[in-house]
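When you line the sequence shown up against the UniProt record's numbering, it's residues 1 to 844, in that order. Backbone N, C-alpha and C fix where the C-beta goes; we use that ideal spot for every residue, glycine too. None of these values were measured; they are calculated from a predicted model.
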Amino acid sequence: MNITKRTGLVEPYRRAKISRVIELAFASVDSPLADEERDAMTLAIEEELLREKGAGQPLHVEDIQDLVEKTLIERNYYKEVKSFILYREDRKRKRRVRNRIAGDFSELVGFEQALKEIQRDFPDPPYGLDYLDMKFRSFYKAGMTLKERLHFLIKAAVELATSEAPRWEFIAARLYFIDFDRQLAQHMKSFGVDNFYEKLEYLTDQGLYGSYILQQYSREEIERAYGFIDPARNKKINYSGLDLLIKRYVIRTHSGEPVESVQEMFLGIALHLAMNEQPEARLDWVRRFYDMLSQLQVTMATPTMANARKPHHQLSSCFIDTVPDSLDGIYRSIDNFAKVSKFGGGMGLYFGKVRARGSSIRGFEGAAGGVIRWIRLANDTAVAVDQLGVRQGAVAVYLDVWHKDLPEFLGLRTNNGDDRLKAHDVFPAVCYPDYFWEQARDNIEGDWYLMCPHEIQSVKGYALEDSYGDEWREKYLDCVADHRISKRILPIKDIIRLIIKSSVETGTPFAFNRDTVNRANPNKHKGMIYCSNLCTEIAQNMSAIALQDQRVESLDGEDVVVTVTKPGEFVVCNLASLSLGHIDVDDDAALQYITESAVRALDNIIDLNFFPLPYAKINNRKYRPVGLGVSGYHHMLAKHQIAWESDAHLQFVDDVFERINYAAISASATIAAEKGAYTYFEGSDWQTGAYFSQRGYTDERWQALADKVATTGLRNAYLMAVAPTSSTSIIAATTAGVDPIMNRFFLEEKKDGLMPRVAPELSEANFWFYKNAHLIDQSYSVKASGIRQRHIDQAQSMNLYITNDYTFRKVLGLYILAWESGVKTIYYIRSKSLEVEECEVCSS
């Protein structure tokens, strides 16, 4: 027998389909059904169909369903037949609305099937297409083009998203993909491109794709790699993430047409990151990198996502420079910032070595203008070098809490005072020793002494900023007692008041606890860490670039000036984030596998990267630092139904982050066994085992890893750093970094419409575990940060969220609790009434 379907298609009769319909009718009302009874009803329906066929009647799928109803009634299954009738009516209603919407898009092949899949994948009542149809009709006008109709259909889906029906943002993404894929196909057809390899050839010829991909991979390899693509993974991306990917990450022509699908983007990044792997294993790594990216389990930093596979492949987010106390050195640092900014990087500048205002220059007392004038120059550079108009440059400027120019520094972004002392486009940060917080806790009425680093160097013969811990304290008190060094004396409470006033008003200064950082530095045998980067998660050895010699030489018959420069330690770091909400963190094997993939990708970036400065390249090759972080932290807690303000939170993340750290170190040691350890491994805390003992990693599992590291070496001097992930967490449809959510749901106003922001996988089950950031007791955030810090060799972008109810004492209490808990850095203080600029440069 053949059965005619509603679409007019004819397919062979299959008995199993009738049996399945009967089973579903019984299951819908939880009625038991014996196999014998099911088979008897199926046989009765089949006999009736055969009689009708014998009478010459055409058989239609509706006839079968009528016979199912009839058979159920005849056998007195009234509950079951009622459910089946309602089911048929619901299907009819869904078909009607689907056909009504599809009728307005008849030009699109497969559009009705896409709507059918939406109905199948989103069966709950709040996601009925009748709501979409009604909303769309409110926008619809006769004579609209296909592009306009698609725009308003997508807009309708977006605006249907609420906290009660959050998955409309995924339906909106499905519709957006239809429009995007349509445009992409048109462009590819106009370019005469029929397959992925031809596309790469075309993009390479146009200067949009790096020629190194086709040079490194054969056609056969690229065609095999294209077979890894799984279009079904598009369904993991929500509307906000897709909008961001299309507008900022997929490759476009010089005139703005998209020429790369989202899955091709993930594959292109994977091809780049695996490029230098051994030929026999290269495609295996391409698959692993593609899988982790396309399944949203790992996100790479914004520069990596945007620039991998392209001709100018600057893949790093974070750079840090030590500004020397010389005219040449200061201008070199400003120039370094400009070049980093040109290629999309963010910068941290340490100004703690620059002499204070009123200090001497070449013996002339009071000639120095202080750090503020130089910071204003960095500010103007950030505005001027605006990354091809995409966004202005971004720089954090760090100063020690004992520097003589501190009061003016703390007023850089505030709205009162002399405009000549303002720099509203930089992000100030203050470096604090333990002794300052001890005094703030125990002697807040006491005095604090501000001094000039140049004067200390001249009088004492040492740089105070070059020490930390007990040595720093002894030298500081020695300087305080030395009458030859001039001091600017302020009560500690006044300094703290300036800090907190600026924090509440501007969100800054960021906080850098320098003694905590340097004690935990696994490479203290080779240097000192003065400050962090733009987003406060990087903590690596630093030193200033130094001019060694300038001489005149002859080149091609002309005199040329040759400059010899000591590169110092110019920090650059490459970032990626494990998306904890999309990883089964309870499965240790799965966590280790995905962590190994991420660490391998990050290590490869070091050799593949285009460095905007040679100093960065030299230092990166010596230390091979990476920054593996996380996003989706609150997402993970909510999925596990763990309240933020609970001891269960603290215990859970202690376990998760210890296992992540174990996996990261193990992965780096495995790579070291294959490719060699970083240059300065010998004598490091990794090599001596001090890293493990300091953190209490003493059980058999950890001891075995410590022995492995001592034997094979470690590939990367620095391994973990938690960035804010503002942009990339949107792509991954998860929460940002280690922050709590700001709201469970809100609509963000964009220039082209409203953008839904919904807590990931929001449901009745996890609703109350998504508590808003400003309603959370911040002491739990601080304690959790301290617990995580034990497992993170660098630092974390950790924000504090305060309301107008917070007093001076309460904010100070959080700073002191953070220091006591071993927190290395504090990013923004986010007052409820304050909107601060989010760092997108370091997003990972």
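Given residue i, which residues of its chain have a CB within under 7 Å of its CB, disregarding the five upstream and five downstream residues?
i, result
"Arg6", "Val61"
"Leu421", "Ile372, Glu408, Gly411"
"Asn799", "Asp739, Tyr827, Tyr828, Arg830"
"Ala367", "Ser360, Ile361"
"Ala114", "Arg174, Ile178"
"Arg15", "Thr42, Glu46"
"Ala663", "Leu591, Gln592, Thr595, Glu596"
"Arg98", "Glu112, Leu115, Lys116, Gln119, Leu129"
"Met742", "Asn772, Ala773"
"Phe610", "His312, His313, Gln314"
With which residues is residue i paired in a DSSP beta bridge?
i, result
"Tyr249", "Note: Tyr249 sits in no beta bridge, so no partner."
"Lys566", "Ala546"
"His403", "Met451"
"Asn574", "Val626"
"Met144", "Partner(s): none; Met144 has no beta bridge."
"Asp559", "Ser554"
"Val397", "Leu349, Pro428"
"Ser831", "Ile802"
"Met755", "Glu748"
Counting C-beta neighbours from all protein chains within 10 Å, is the total for residue i 16 or more, i.e. buried, or is it exposed?
i, result
"His454", "buried"
"Met1", "exposed"
"Ser503", "buried"
"Pro760", "buried"
"Asn661", "buried"
"Ile444", "exposed"
"Tyr331", "exposed"
"His424", "exposed"
"Leu555", "exposed"
"Gln206", "exposed"
"Asp335", "exposed"
"Gln789", "buried"
"Leu289", "According to the sequence as given, residue 289 is Phe; it is not Leu. The residue is buried, with at least 16 neighbouring Cβ atoms inside 10 Å."
"Ser844", "Interpretation of Ser844 is limited by its pLDDT of 49, a score under 50 that renders its predicted location unreliable; the figure taken from the coordinates is listed afterwards. The residue is buried, with at least 16 neighbouring Cβ atoms inside 10 Å."
"His582", "buried"
"Gly8", "exposed"
"Asn416", "exposed"
"Arg413", "buried"
"His313", "buried"
"Gly241", "buried"
"Ser190", "exposed"
"Asp243", "buried"
"Arg51", "exposed"
Alpha carbons only, please: which of the options is nearest the one belonging to residue i?
i, options, result
"Leu490", "Pro756, Val401, Ala429", "Val401"
"Thr322", "Asp466, Asp284, Gln392", "Asp466"
"Met636", "Asn99, Asp739, Phe681", "Asp739"
"Ala225", "Asp284, Glu257, Arg167", "Asp284"
"Arg96", "Asp133, Glu74, Val459, Asn276", "Asp133"
"Arg687", "Gly268, Arg715, Gly581", "Arg is not the amino acid found at residue 687; the sequence shown has Gln there. Considering only alpha carbons, the answer is Arg715."
"residue 897", "Tyr615, Arg701, Ala710", "Missing from the structure shown is residue 897; the chain here goes from 1 to 844 and no further."
"Asn195", "Phe105, Arg88, Gly210, Glu220", "Glu220"
"Tyr476", "Ala511, Tyr176, Phe436", "Phe436"
"Gly346", "Asn518, Asn541, Ser316, Ser326", "Ser316"
"Pro433", "Asp470, Asp419, Asp442", "Asp470"
"Ala601", "Leu613, Leu578, Ile618", "Leu578"
"Gln694", "Lys622, Val564, Ile792, Pro612", "Ile792"
"Ser31", "Phe692, Tyr77, Phe610", "Tyr77"
"Ala378", "Lys135, Lys339, Lys404", "Lys339"
What residues in its chain sit with their C-beta under 8 Å from that of residue i, if we drop five residues either side in the sequence?
i, result
"Ala648", "Ile642"
"Ser666", "Gln592, Glu596, Leu705, Lys708"
"Val81", "Ala25, Glu69, Leu72, Ile73"
"Met720", "Gly627, Leu628, Gly629, Ile660, Asn661, Ala664, His791, Ile792, Asp793, Gln794"
Considering only residues of the same chain and omitting the five flanking positions on each side of residue i, which have a CB-CB separation below 6 Å?
i, result
"Glu260", "Val250, Ile251"
"Lys832", "His774, Thr803"
"Ile18", "Thr42, Ile45"
"Ile605", "Leu315, Asn574"
Worksheet entry | Runs of beta strand (DSSP E) wholly within the UniProt domain "ATP-cone" (1-95) (minimum 3 residues, chain order) | 2-4, 10-12
Fill in: Length-filtered (4 minimum) alpha helix (DSSP H) runs lying within the region 461-508
469-481, 492-506
Practice prompt. Mind listing, in chain order, the continuous alpha helix (DSSP H) runs of no fewer than 4 residues lying wholly within the region 292-347?
Written response: 302-307, 327-342
Fill in: Every unbroken alpha helix (DSSP H) within the region 136-202, with a cutoff of 4 residues, ordered by chain
146-160, 168-190
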